[in-house]
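A.B. asks: Numbering (the numbering used here), first residue to last: -5 to 364. Here a beta-carbon is modelled for each residue, glycine too, at the ideal position from N, C-alpha and C. Here it is: the structure, laid out below.
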């Protein structure tokens, strides 16, 4: 049991090495909230995966900041002595807001494990010390540019290529990448840009031997995903539709997906993410670790999660150089075999460099018990 003494919020911004475009917008920098939680015994870090605007989900940075400051942090201070396993229940009086909650769940867990001298990977039940890495490729200006980008990532060693798609930039571009690379693991991600009426597009994509089609339809259309899955050969993977272990069980049992993308920040933190993993494992459905262009804090967290046994497919937790010229933490370097090491130090195994953190910080607020 430990008591939370203070919570320090940082709004940070780091330029991306390359603009990243999806069906719902383009990013040129990573802007996110970092939480530094100080307990009686240690300091822990959590990264919020919300974005500048509520496009991927209904959460966004300014809203998450207020949610943490005005509701979640006061609840943790009032709880007194507690364990990380109990944080989610303390915060359950707030409906929704899993990304804001995950920030604190993860930071408290990090502090608890640092105090114990125990790594996050060992706590979660990791079975490997390196994880296979794929890469997510944004919507490029042209097919030629896309082919060039894919070739570059393959040369670096990435084991799976995921192409972001939207109506109008789908079949022709995916076909060109497949023709140029007939043997690679290739998948696509629509970020809910299509409707069930677009089934002809997905039947055309069937011809390219894709590993999966990720989140083709709206995040609330689980039933329609099940109808689509009946009509196409390619496995559907759900992302935005899965917000909890209960969602995962329902989607799998309905036949809405055959693969699940686990983003720990999207489901409320590492502990719920492990429960999603366990449900999918029980139902013999593979999972993989999705990414949200995280800094080294979030990516190190994801690497520990991705070392669990049912993470059977390469994830989106790519090397530092995929995102940033200068990360907040020491760079994570992709090995020639397309893997990244799982941090084995106490907690998440990394912490922000003070100089880099200061340079990237736009705003700071320290929260303490009144």
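So residue 253 and residue 229 are in contact, right, with Cβ under 8 Å, and what is the actual spacing, rounded?
C.D. replies: Indeed, because the Cβ distance is near 5 Å, the residues count as touching under 8 Å.
A.B. asks: Pull up the DSSP beta-bridge partners for residue 42, would you.
C.D. replies: DSSP lists no partner for residue 42.
A.B. asks: As a quick exercise: from 171, 180, 323, 164, pick the residue whose alpha carbon is nearest that of residue 193.
C.D. replies: 164
A.B. asks: Should the segment 143 to 152 be called in touch with the segment 113 to 125, which here means at least 3 C-beta pairs below 8 Å?
C.D. replies: At 8 Å Cβ cutoff, the stretches do not touch.
A.B. asks: Which residue comes first and which comes last in the beta strand (DSSP E) that contains residue 183?
C.D. replies: 179 to 183
A.B. asks: Measure the beta-carbon distance from residue 371 to residue 216 and round it to whole angstroms, keeping in mind my assumption that it falls under 8 Å.
C.D. replies: In this structure the chain extends from -5 to 364, so residue 371 is not present and cannot be described.
A.B. asks: Is residue 52 helix, strand or coil by DSSP?
C.D. replies: Coil at residue 52, not helix or strand.
A.B. asks: If we define contact as Cβ-Cβ less than 9 Å, is residue 227 a contact residue for chain C?
C.D. replies: Among the chains of the structure shown, chain C does not appear; only one protein chain is present.
A.B. asks: Which value, in whole angstroms, describes the spacing of the CA atoms of residue 57 and residue 177?
C.D. replies: Computed Cα separation, rounded: 44 Å.
A.B. asks: Taking only the alpha-carbon atoms, compute the straight-line gap between residue 155 and residue 181 and give it to the nearest angstrom.
C.D. replies: 6 Å
A.B. asks: With a floor of 4 residues, list each alpha helix (DSSP H) that falls wholly inside the segment 116 to 157, ordered by position along the chain.
C.D. replies: Fully enclosed alpha helix (DSSP H) runs of 4 or longer: 137 to 150.
A.B. asks: The alpha helix (DSSP H) that contains residue 99, what's its start and end?
C.D. replies: 92 to 110
A.B. asks: How many Å lie between residue 321 and residue 55 at the Cα?
C.D. replies: 19 Å
A.B. asks: Would you mind giving the Cβ-Cβ distance between residue 93 and residue 142, rounded to the nearest angstrom? I have them listed as a contact below 8 Å.
C.D. replies: With 8 Å as the limit, residue 93 and residue 142 do not qualify as a contact, their Cβ atoms being about 34 Å apart.
A.B. asks: Just reading off the alpha helix (DSSP H) that residue 167 is part of, what are its end residues?
C.D. replies: 165 to 174
A.B. asks: Starting from residue 84, trace the beta strand (DSSP E) both ways and give me its first and last residue.
C.D. replies: Looking at the DSSP string, residue 84 is not in any beta strand (DSSP E); the run it does join, the alpha helix (DSSP H), is 81 to 84.
A.B. asks: Between 325, 16, 346, which has its C-alpha nearest residue 162's C-alpha?
C.D. replies: 16
A.B. asks: Quick check: what's the CA-CA separation for residue 68 versus residue 262?
C.D. replies: In a straight line, the C-alpha of residue 68 is about 18 Å away from that of residue 262.
A.B. asks: Report buried or exposed for residue 277, applying the criterion of at least 16 other Cβ atoms within 10 angstroms of its Cβ.
C.D. replies: exposed
A.B. asks: Heavy atom of the ligand MN less than 8 Å from the Cβ of residue 77, yes or no?
C.D. replies: Only the bare structure without any ligand can be found here, which leaves the ligand MN out of the picture.
A.B. asks: Taking the C-alpha atoms as reference points, what is the distance between residue 251 and residue 100?
C.D. replies: 28 Å
A.B. asks: Hey, how far is the Cα of residue 37 from the Cα of residue 1?
C.D. replies: When rounded, the distance between both Cα atoms is 10 Å.
A.B. asks: At the level of alpha carbons, what is the spacing between residue 235 and residue 214?
C.D. replies: 6 Å
A.B. asks: Hey, residue 136 and residue 158 are a contact pair by Cβ (cut 8 Å); roughly how many whole angstroms apart?
C.D. replies: That belief does not hold up - the Cβ atoms of residue 136 and residue 158 are roughly 14 Å apart, past 8 Å.
A.B. asks: Quick check: what's the CA-CA separation for residue 363 versus residue 71?
C.D. replies: Taking C-alpha positions only, residue 363 is separated from residue 71 by approximately 6 Å.
A.B. asks: What's the call for residue 286, buried or exposed, on a 16-neighbour Cβ count within 10 Å?
C.D. replies: buried
A.B. asks: For the alpha helix (DSSP H) that contains residue 348, what are its first and last residues?
C.D. replies: Segment 348 to 354, the alpha helix (DSSP H) holding residue 348.
A.B. asks: Tell me whether the beta-carbon of residue 128 lies closer than 9 Å to the beta-carbon of residue 282.
C.D. replies: yes
A.B. asks: Helix, strand or coil: how does DSSP classify residue 19 here?
C.D. replies: In this structure, residue 19 counts as strand in the three-state DSSP scheme.
A.B. asks: What is the DSSP secondary structure of residue 37, counted as helix, strand or coil?
C.D. replies: strand
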